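The listed protein sequences correspond, in order, to chains A and B. Just so you know, we're using this note's numbering here: the first sequence kicks off at 633 and counts up by one. Just so you know, we're using this note's numbering here: the second sequence kicks off at 20 and counts up by one. All C-beta atoms in this analysis are idealised placements derived from N, C-alpha and C, irrespective of residue type, glycine included. Quantities reported herein were computed from a predicted structural model and do not represent experimental measurements. Here is the structure we will look at.
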Amino acid sequence: MTRTESAAADTASARTATRPAGYAVARIGGASFLVHRRAVAVAGLLTVLLAAAVVLYLCVGDSFVSPVQVIDVLLGRPSPDELVVGTLRLPRLVVGLLAGAAFGVAGALVQTVARNPLASPDVIGVTHGAGAATVAAMSFGLVGHTTLPYVSVAGGLGAGLLVYAFAWRRGLHASRFVLVGIGVSIALGSLTQLFLTKGDYLVAQQAKVWLTGSLNSRGYDQAAPLALVLLVAVPAVLWAAWAQRGASFDDDTAVALGIRLDRMRLGLTLIGVVLASVATGATGPVDFVALLAPQIARRLTRTAQIPLLSSALTGALVVVVADLLARRLFSPVELPVGVLTAAVGAPYLMWLIARTRSRSGGSTS
Amino acid sequence: MTRTTRPTRSRIAWLAGCAVLLALAVLLSLAVGSRQIAPTEVMRALLHGGTSNDAEVVRSLRVPRTVIGILAGAALAVAGTVMQGITRNPIAEPGILGVSQGASAGVVCAIAFCGVHTLTGYVWFAFAGAALACVAVYVVAAGGHRGASPVKLALSGAAMNAFLASVVSGIATTDAHALDEFRFWQVGSISGRGTDVIGEIWPFVLAGLLLAGLLAKGLDALALGDDAARGLGHDAARLRVLGAVGATVLTGAAVAAVGPIAFTGLAVPHIARALVGSAHRWVLPVAALLGPVMILLSDVIGRVVFPPSEVPVAVMTALLGVPFLIALVRRRTVVAS
Numbered sequence: 633m634t635r636t637e638s639a640a641a642d643t644a645s646a647r648t649a650t651r652p653a654g655y656a657v658a659r660i661g662g663a664s665f666l667v668h669r670r671a672v673a674v675a676g677l678l679t680v681l682l683a684a685a686v687v688l689y690l691c692v693g694d695s696f697v698s699p700v701q702v703i704d705v706l707l708g709r710p711s712p713d714e715l716v717v718g719t720l721r722l723p724r725l726v727v728g729l730l731a732g733a734a735f736g737v738a739g740a741l742v743q744t745v746a747r748n749p750l751a752s753p754d755v756i757g758v759t760h761g762a763g764a765a766t767v768a769a770m771s772f773g774l775v776g777h778t779t780l781p782y783v784s785v786a787g788g789l790g791a792g793l794l795v796y797a798f799a800w801r802r803g804l805h806a807s808r809f810v811l812v813g814i815g816v817s818i819a820l821g822s823l824t825q826l827f828l829t830k831g832d833y834l835v836a837q838q839a840k841v842w843l844t845g846s847l848n849s850r851g852y853d854q855a856a857p858l859a860l861v862l863l864v865a866v867p868a869v870l871w872a873a874w875a876q877r878g879a880s881f882d883d884d885t886a887v888a889l890g891i892r893l894d895r896m897r898l899g900l901t902l903i904g905v906v907l908a909s910v911a912t913g914a915t916g917p918v919d920f921v922a923l924l925a926p927q928i929a930r931r932l933t934r935t936a937q938i939p940l941l942s943s944a945l946t947g948a949l950v951v952v953v954a955d956l957l958a959r960r961l962f963s964p965v966e967l968p969v970g971v972l973t974a975a976v977g978a979p980y981l982m983w984l985i986a987r988t989r990s991r992s993g994g995s996t997s
Numbered sequence: 020m021t022r023t024t025r026p027t028r029s030r031i032a033w034l035a036g037c038a039v040l041l042a043l044a045v046l047l048s049l050a051v052g053s054r055q056i057a058p059t060e061v062m063r064a065l066l067h068g069g070t071s072n073d074a075e076v077v078r079s080l081r082v083p084r085t086v087i088g089i090l091a092g093a094a095l096a097v098a099g100t101v102m103q104g105i106t107r108n109p110i111a112e113p114g115i116l117g118v119s120q121g122a123s124a125g126v127v128c129a130i131a132f133c134g135v136h137t138l139t140g141y142v143w144f145a146f147a148g149a150a151l152a153c154v155a156v157y158v159v160a161a162g163g164h165r166g167a168s169p170v171k172l173a174l175s176g177a178a179m180n181a182f183l184a185s186v187v188s189g190i191a192t193t194d195a196h197a198l199d200e201f202r203f204w205q206v207g208s209i210s211g212r213g214t215d216v217i218g219e220i221w222p223f224v225l226a227g228l229l230l231a232g233l234l235a236k237g238l239d240a241l242a243l244g245d246d247a248a249r250g251l252g253h254d255a256a257r258l259r260v261l262g263a264v265g266a267t268v269l270t271g272a273a274v275a276a277v278g279p280i281a282f283t284g285l286a287v288p289h290i291a292r293a294l295v296g297s298a299h300r301w302v303l304p305v306a307a308l309l310g311p312v313m314i315l316l317s318d319v320i321g322r323v324v325f326p327p328s329e330v331p332v333a334v335m336t337a338l339l340g341v342p343f344l345i346a347l348v349r350r351r352t353v354v355a356s
């Protein structure tokens with residue numbers, strides 16, 4: 633192997649002097665990186681699939697619009713289908729794409745930190761916290777619609793902290809964390825029911841629709857905060873991922889490499905929780921995307937670590953396809969997209985559990 | 020599960036104490052509500068009848084509600100005790116394991132697809148749903164090489180709950196007529212259930228309780244491990260099947276009557292064991308007394324917290340039960356096993 637990659641030498645030589653199998657070297661200007669070949673191929677494939685899904689999503693509906701017309705609208709050319717595609721379907725699609733990507737990244741982060749596929753934001757109470765807070769704010773009429781995303785972030789963070797605090801007992805045990813998360817989720821679900829009975833009938837109706845996780849009548853208002861958070865979070869996470877590659881080793885090795893594990897983990901978890909909460913604020917709890925996407929992505933790339941970019945792409949793909957099916961499956965009745973993701977995600981979770989080899993009290997690593 | 024021997028006299032005292040507690044809870048359930056009725060008035064209405072408004076409210080609304088609460092509470096608490104016994108798992112419970120949700124999905128399917136609209140009809144669907152969920156959750160959790168650990172059981176129960184909830188809400192969005200019929204029933208509540216419900220479910224509850232009572236000795240033996248149980252002359256597999264049947268019948272009947280109510284089956288058996296030790300011939304009756312206490316008190320609290328609207332009893336039991344679950348999980352034994 634050549635040893636000319638001097639820019640990456642300080643980290644690379646600490647781990648291994650040679651280039652691992654399956655990796656290629658990418659150079660951008662003076663810097664060079666090790667790139668997992670299969671991961672790049674998978675990301676490319678996912679992008680193509682996602683583009684196909686996007687076009688299909690915009691074509692299919694109560695009236696069919698040909699792909700040529702859709703592409704015309706997307707490119708901003710004048711088209712007779714401007715209204716259907718550009719005004720009705722596109723905003724909804726954008727929310728779905730962004731929320732899916734946010735759920736995917738959030739799941740990837742939390743699962744990486746917890747080293748446990750089961751510890752995804754929707755299992756450990758984050759989405760339920762965001763849901764309960766939002767419904768409370770809606771039912772009691774505390775805040776306007778523009779502040780709802782903040783409320784949902786606060787709820788998600790609060791729930792995450794609560795689970796963390798309750799599960800902490802001379803250290804954090806993965807299965808205690810998950811069990812406490814399930815308990816807190818149930819309690820928050822009940823609180824949500826309580827707020828629903830408390831509120832005005834119309835508001836309760838609205839909140840109920842929101843709670844099933846639906847993209848119906850979602851638009852750019854919901855997409856804007858989501859896009860903003862993703863724009864800040866994803867570069868931060870990518871940088872962190874680049875800086876902390878050593879953290880995938882065992883704790884001792886990582887500490888020896890000079891990585892401040894606790895701070896890194898806390899930061900990554902926080903970003904994950906915020907992403908999941910904002911996405912929940914935009915679409916309602918679309919269950920199990922955060923659990924599914926990173927796992928699918930990792931199985932595709934066959935890397936040891938969960939690939940962030942592919943998780944985001946998979947998340948977006950899952951939500952867009954699920955919403956397409958939710959719109960058309962029982963048309964003219966429209967299912968909430970959350971119903972579909974849960975119907976697929978829950979059996980997958982059960983399959984994960986069934987093949988768990990519980991070495992340390994049920995945690996899979 | 021820790022203290023096994025206790026003087027019989029103190030156990031009898033606890034049993035009597037629980038009975039007194041139940042009587043108090045019944046009295047509260049009859050007296051408290053949006054219309055406060057004095058206990059003396061309640062007694063008079065029960066014993067001498069009368070046609071005053073208070074007497075009417077007590078007899079036609081609160082008595083059925085209370086009796087249903089007693090039946091459901093006893094059924095769920097004993098179902099939880101049996102489940103904890105046969106799985107040897109401290110957090111087994113109809114709600115957490117998704118069995119209640121299974122029964123509830125069974126009822127919803129009966130209403131939506133099979134055109135069944137009477138309780139006598141859909142109680143069988145509730146049994147079928149509960150049994151399917153029970154088997155599926157246990158099979159999933161018992162996969163892998165260490166068997167069903169608490170966390171795996173709870174997780175597969177949570178997954179089952181999420182799956183069935185999505186099925187139910189899928190049906191709810193596509194079938195407006197069915198939604199109208201089950202929407203009030205679906206949030207577990209003991210209010211607004213008529214006297215006919217009592218007549219239809221008590222045989223099932225009684226049968227389930229008797230079956231559980233017959234299994235008491237076997238459950239004690241199972242607590243020592245499968246090998247020990249075999250040594251004591253019990254067939255572990257047969258015990259588990261019978262126990263699962265009993266728990267399924269109890270859960271199915273309770274859910275068909277009142278909708279899914281979680282956490283009664285979790286908290287009550289633990290409280291019962293703390294009071295009278297781990298012998299099931301004592302735990303089962305105490306649980307059967309304390310289960311109704313928990314349901315009735317939760318219901319009474321639900322009536323008074325947000326007047327004039329009422330909080331469904333399932334919401335209250337969950338809010339009361341979750342701290343209990345967390346305390347249980349923080350104890351080392353649950354996670355270490």
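Under 8 Å between C-beta atoms of residue i and residue j
i, j, result
"residue 843 of chain A", "residue 824 of chain A", "yes"
"residue 169 of chain B", "residue 109 of chain B", "yes"
"residue 978 of chain A", "residue 920 of chain A", "yes"
"residue 910 of chain A", "residue 781 of chain A", "yes"
"residue 822 of chain A", "residue 337 of chain B", "yes"
"residue 141 of chain B", "residue 160 of chain B", "no"
"residue 687 of chain A", "residue 897 of chain A", "no"
"residue 716 of chain A", "residue 913 of chain A", "no"
"residue 940 of chain A", "residue 861 of chain A", "no"
"residue 209 of chain B", "residue 314 of chain B", "yes"
"residue 145 of chain B", "residue 126 of chain B", "yes"
Classification of residue i by the beta-carbon crowding that lies within 10 angstroms, buried from 16 upward
i, result
"residue 329 of chain B", "buried"
"residue 54 of chain B", "exposed"
"residue 123 of chain B", "buried"
"residue 849 of chain A", "exposed"
"residue 397 of chain B", "With chain B represented from 20 up to 356, any question about residue 397 of chain B goes unanswered, as that position is not in the structure."
"residue 700 of chain A", "exposed"
"residue 112 of chain B", "buried"
"residue 743 of chain A", "buried"
"residue 72 of chain B", "exposed"
Residues that residue i contacts on chain A, provided the C-beta gap is smaller than 8 Å
i, result
"residue 45 of chain B", "Here the premise fails: no neighbours, minimum Cβ distance about 25 Å."
"residue 337 of chain B", "818, 819, 821 and 822"
"residue 312 of chain B", "Under the 8 Å cutoff, chain A gives no residues; its nearest Cβ is about 20 Å from residue 312 of chain B."
Residue i in three-state terms, based on DSSP
i, result
"residue 170 of chain B", "helix"
"residue 196 of chain B", "helix"
"residue 872 of chain A", "helix"
"residue 136 of chain B", "coil"
"residue 657 of chain A", "strand"
"residue 299 of chain B", "helix"
"residue 253 of chain B", "coil"
"residue 805 of chain A", "coil"
Cα-Cα separation, residue i to residue j
i, j, result
"residue 264 of chain B", "residue 241 of chain B", "16 Å"
"residue 727 of chain A", "residue 907 of chain A", "14 Å"
"residue 340 of chain B", "residue 740 of chain A", "31 Å"
"residue 765 of chain A", "residue 816 of chain A", "14 Å"
"residue 345 of chain B", "residue 120 of chain B", "21 Å"
"residue 724 of chain A", "residue 983 of chain A", "32 Å"
"residue 736 of chain A", "residue 233 of chain B", "51 Å"
"residue 936 of chain A", "residue 800 of chain A", "27 Å"
"residue 806 of chain A", "residue 751 of chain A", "8 Å"
"residue 49 of chain B", "residue 317 of chain B", "13 Å"
"residue 289 of chain B", "residue 841 of chain A", "38 Å"
Partners in chain B for residue i, counting only beta-carbon separations shorter than 8 Å
i, result
"residue 694 of chain A", "Residues of chain B passing the Cβ test: none, with the nearest at roughly 17 Å."
"residue 965 of chain A", "192 and 193"
Contact list for residue i against chain A, beta-carbon separation under 9 Å
i, result
"residue 124 of chain B", "In chain order: nothing, as chain A lies at least about 12 Å away."
"residue 214 of chain B", "Ordered by position in chain A, no residue passes the 9 Å Cβ test against residue 214 of chain B, which lies about 25 Å from the chain."
Chain B contact residues for residue i, given Cβ-Cβ distances below 9 Å
i, result
"residue 1011 of chain A", "The structure shown does not extend to residue 1011 of chain A, since chain A is modelled only from 633 to 997, so the question has no answer here."
Near the ligand SAM: residue i beta-carbon under 7 Å from a heavy atom
i, result
"residue 724 of chain A", "The ligand SAM is not part of this structure, which contains no ligands at all."
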